[in-house]
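**Student:** As they're listed, the protein sequences go chains U and V.
Heads up: the first sequence begins at 569 in the working numbering, then just goes up one per residue.
Heads up: the second sequence begins at 569 in the working numbering, then just goes up one per residue.
Think of the CB as a built atom: it goes at the ideal place given N, C-alpha and C, for glycine as much as any other residue.
Protein chains: 2
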Amino acid sequence: MTSVEKSGGKRRPRAKSAAPIARRSLHDEVTERLRDLVVEGDLAAGQRVPEAELCKTLGISRTPLREALKVLASEGLLELHPNRGAWVTRITPQELDELFEVISGVERMAAELAAKRMSAKDLQGLRDLQERMERAFHAGLRHEYFRLNQRVHTSVVAMAGNAVLSAIHEGLMARVRRARYHAILSPERWQESVNEHAAVQAALEARDATRAGALILRHVRKTGEVVRNTLGEDAEATDKGAIVAS
Amino acid sequence: MTSVEKSGGKRRPRAKSAAPIARRSLHDEVTERLRDLVVEGDLAAGQRVPEAELCKTLGISRTPLREALKVLASEGLLELHPNRGAWVTRITPQELDELFEVISGVERMAAELAAKRMSAKDLQGLRDLQERMERAFHAGLRHEYFRLNQRVHTSVVAMAGNAVLSAIHEGLMARVRRARYHAILSPERWQESVNEHAAVQAALEARDATRAGALILRHVRKTGEVVRNTLGEDAEATDKGAIVAS
DNA sequence: ATTATAAATTATAAATGCAAAATTCAATGC
DNA sequence: GCATTGAATTTTGCATTTATAATTTATAAT
């Protein structure tokens with residue numbers, strides 16, 4: 569999720585043939601920068617957002633920063649306490665469950681639509697990703713695997729050809745991203761996850777919408793369980809690249 | 569969707585036992601007021617949002633208003649053109665299709681979860697609504713029917729017991745609301761719609777998650793078709809209460 | 001008369017200023 | 001020694017101001 573300017577709701581790809589040159593506004597860039605800080609965990613969950621400090625760091629005044637805070641709060645990444653400042657949303661196990669439940673539903677919907685709508689080229693692209701992901705698994709490259717895994721999920725949603733759905737998915741993924749990074753993926757679960765992905769891929773190849781949807785739903789749900797079960801276990805200290813859940 | 573303050577994402581019901589008294593901030597109230605103006609159609613689609621005028625009307629300065637504009641843009645209700653002002657999003661047929669497609673998926677998910685989770689009391693409440701809706705239908709009270717119909721859909725989602733899902737649904741409903749008001753509901757389609765609701769109700773009573781989900785999905789999808797097909801036909805001139813789609 | 005250009009006007013973006021609320025911390029009382 | 005109260009400090013919310021971009025209007029040239 570990114571720019572608020574121009575066509576609210578739709579995000580980054582502002583390349584639209586007839587779109588005016590559209591320099592982005594300062595507040596829009598700040599929103600993106602701040603969102604990354606939160607999603608990537610540079611601003612830790614539960615931490616207070618240091619307004620004055622950020623202004624100095626970014627070299628801007630409080631106005632555009634505060635506008636960004638309002639937007640990020642509406643996305644659920646920050647909490648605004650009137651007269652008391654902004655805080656990075658501390659995700660609760662319950663909320664994490666809810667988020668994954670919704671994500672699983674969104675991806676089921678996406679997989680069903682993708683099975684019907686995607687082109688042969690789309691399918692080939694997905695096949696390539698799947699292959700690279702399996703290679704990363706066999707090479708034991710957890711970070712690379714995580715990256716590719718995220719791309720697979722995003723791609724499936726993209727292939728549903730519904731921008732509204734993609735935007736919602738992107739927002740939800742941002743909210744769970746930090747938790748995902750820190751979740752522990754056991755060797756057994758990792759293998760299982762790879763298998764589940766292969767099964768989804770197969771169903772998509774067969775253009776079996778119902779099966780693809782059901783499989784990806786179950787897969788995401790299990791991922792959610794893994795993430796929730798390892799939530800809170802010294803989350804912050806964990807080295808980002810080493811331990812991930814997919 | 570409403571207040572940005574305090575727990576981003578979660579909305580109106582700020583009643584939480586230990587919650588601080590929490591007067592809301594000005595910008596938060598403005599956001600809500602403005603959102604209503606857009607959703608209810610007092611600010612017409614494609615129309616420019618008159619910043620200065622609104623400031624005078626609401627008796628506030630530009631700062632909180634502009635913060636509200638940013639938030640509403642991120643919700644997809646407004647478009648911000650840098651250095652050129654804010655405009656009420658003009659919904660395209662394509663986007664309307666996408667919105668209804670997502671809503672149908674969201675409600676399927678909700679119905680499936682509700683079938684499993686709702687209490688006997690929840691079910692009774694739904695039954696009452698259904699009954700009142702049918703009475704409104706037989707009495708030919710279109711506006712009343714529309715109102716109750718919206719409540720049924722919102723209730724089903726609420727009974728899924730997932731706040732994240734509810735928030736998403738609320739946001740989507742706000743975006744299509746104007747279009748729905750203006751869509752033409754033929755007597756035949758109206759009857760059919762009532763029947764579909766009865767079928768969904770029956771499936772929920774039987775706690776048949778899959779069937780309830782499939783039925784509500786189809787119902788919403790059809791509603792979407794009706795709305796899209798009557799989009800653009802002198803949308804603005806139509807008397808609100810007279811012609812609605814459900 | 002029509003178009004192009006430039007000046008004037010208007011509106012937006014961002015910075016600054018000010019008042020009010022919350023937090024901090026020290027002093028006082030128990 | 002601990003809790004409580006109140007002043008000092010900090011921070012936030014909102015208004016105002018300043019600067020910059022866009023639009024309109026007027027003028028001039030073809």
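Could you name the residues of chain V that E738 (chain U) contacts, counting a contact when the two beta carbons are closer than 9 Å?
**Tutor:** Here the premise fails: no neighbours, minimum Cβ distance about 12 Å.
**Student:** Compute the beta-carbon to beta-carbon distance between A683 (chain V) and D776 (chain V), rounded to the nearest angstrom, for a pair I have assumed lies under 8 Å.
**Tutor:** Right, the Cβ-Cβ distance comes to about 6 Å (below 8 Å), so this counts as a contact.
**Student:** Looking at the C-beta of G653 (chain V), does it have a partner C-beta in chain U at a distance below 8 Å?
**Tutor:** It does not; no Cβ of chain U falls within 8 Å.
**Student:** Of the choices U:L667, U:A767, U:N763, whose alpha-carbon is the least far from that of R789 (chain U)?
**Tutor:** R789 (chain U) has its Cα closest to that of U:L667, out of U:L667, U:A767, U:N763.
**Student:** Which ranges would you report for the alpha helix (DSSP H) in the stretch 655-728 of chain V if only whole runs of at least 4 residues count?
**Tutor:** Listed in chain order, they are 661-685, 688-707, 710-727.
**Student:** DSSP on L594 (chain V), reduced to helix/strand/coil?
**Tutor:** Correct three-state label for L594 (chain V): helix.
**Student:** I need the boundaries of the alpha helix (DSSP H) containing E738 (chain V), first residue and last residue.
**Tutor:** Residues 731-750.
**Student:** Starting from E643 (chain V), trace the beta strand (DSSP E) in both directions and tell me its first and last residue.
**Tutor:** Taken as a continuous stretch (DSSP letters only), E643 (chain V) belongs to no beta strand (DSSP E), as it is neither H nor E.
**Student:** At the level of alpha carbons, what is the spacing between S593 (chain V) and V674 (chain V)?
**Tutor:** Using only the alpha carbons, I get a separation of about 31 Å.
**Student:** Apart from the five residues on each side of it in sequence, which residues of its chain come closer than 6 Å, Cβ to Cβ, to V724 (chain V)?
**Tutor:** Correct list, in chain order: A678, A679, A682.
**Student:** In the DSSP assignment, find the alpha helix (DSSP H) that holds V617 (chain V) and state where it starts and stops.
**Tutor:** Note, V617 (chain V): premise wrong, no alpha helix (DSSP H); not H, not E.
**Student:** Determine, using beta-carbon pairs with one atom in the stretch 605-620 of chain V and one in the stretch 651-668 of chain V, whether at least three such pairs fall under 8 Å.
**Tutor:** Taking 8 Å as the limit for Cβ pairs, the verdict is that the stretch 651-668 of chain V does touch the stretch 605-620 of chain V.
**Student:** Residues of the stretch 674-694 of chain U with a CB closer than 7 Å to any CB of chain V: list them in chain order, please.
**Tutor:** Flagged, chain order: M677.
**Student:** CA-CA distance, G644 (chain V) and R743 (chain V)?
**Tutor:** Cα-Cα distance, rounded: 7 Å.
**Student:** In three-state terms, what does DSSP make of G609 (chain V)?
**Tutor:** DSSP places G609 (chain V) in coil when its eight states are reduced to three.
**Student:** Using a Cβ cut-off of 8 Å (strictly closer), state whether S593 (chain V) contacts chain U.
**Tutor:** Yes - at least one Cβ of chain U is within 8 Å of the one on S593 (chain V).
**Student:** According to the neighbour-count rule (16 or more other Cβ atoms, all chains shown, within 10 Å of its Cβ), is A747 (chain U) buried or exposed?
**Tutor:** Classification of A747 (chain U): buried, given that the 10 Å Cβ count is 16 or more.
**Student:** Going along chain U in order, which residues have a C-beta closer than 7 Å to the C-beta of R745 (chain V)?
**Tutor:** The premise fails here: R745 (chain V) is roughly 15 Å from chain U at the closest Cβ pair, so nothing lies under 7 Å.
**Student:** Just checking my contact of V670 (chain U) with I736 (chain V) at CB under 8 Å: how many whole Å lie between their CB atoms?
**Tutor:** The Cβ separation is near 7 Å, so the contact holds.
**Student:** How would you list, in chain order, the residues of chain V whose beta-carbon sits under 9 Å from the beta-carbon of E669 (chain U)?
**Tutor:** In chain order: M677, L681, A728, N730, V732, L733.
**Student:** Does the Cβ-Cβ distance between S642 (chain U) and V762 (chain V) come in under 8 Å?
**Tutor:** For S642 (chain U) and V762 (chain V), no; Cβs fall outside 8 Å.
**Student:** Please report whether the beta-carbon of E635 (chain V) lies at a distance below 8 Å from any beta-carbon of chain U.
**Tutor:** So yes, E635 (chain V) belongs to the interface.
**Student:** Would you mind telling me which residues of chain V sit closer than 7 Å to V639 (chain U), beta carbon to beta carbon, in chain order?
**Tutor:** Neighbours of V639 (chain U) on chain V, chain order: K638, V639, S642.
**Student:** Using a Cβ-Cβ distance cut-off of 8 Å, determine whether P661 (chain V) contacts chain U.
**Tutor:** It does not; no Cβ of chain U falls within 8 Å.
**Student:** How long is the line joining the alpha carbons of I589 (chain U) and G653 (chain V), rounded to whole angstroms?
**Tutor:** Residue placement at I589 (chain U) is poorly supported in this model, since its pLDDT is 45, which falls under 50; the coordinates still yield a value, given next. Looking at the two C-alpha atoms, the distance is approximately 15 Å.
**Student:** Assuming L697 (chain U) contacts V732 (chain U) (C-beta within less than 8 Å), just tell me the rounded distance between them.
**Tutor:** The pair is not a contact, with the Cβ atoms about 24 Å apart (cut-off 8 Å).
**Student:** Strictly below 8 Å CB to CB, what residues from chain U border E666 (chain V)?
**Tutor:** The answer, in chain order, is N730, A731, V732, L733.
**Student:** Considering only their Cβ atoms, is the gap separating L694 (chain V) from A704 (chain V) smaller than 8 Å?
**Tutor:** It is not a contact, given that the beta carbons lie outside the stated cut-off.
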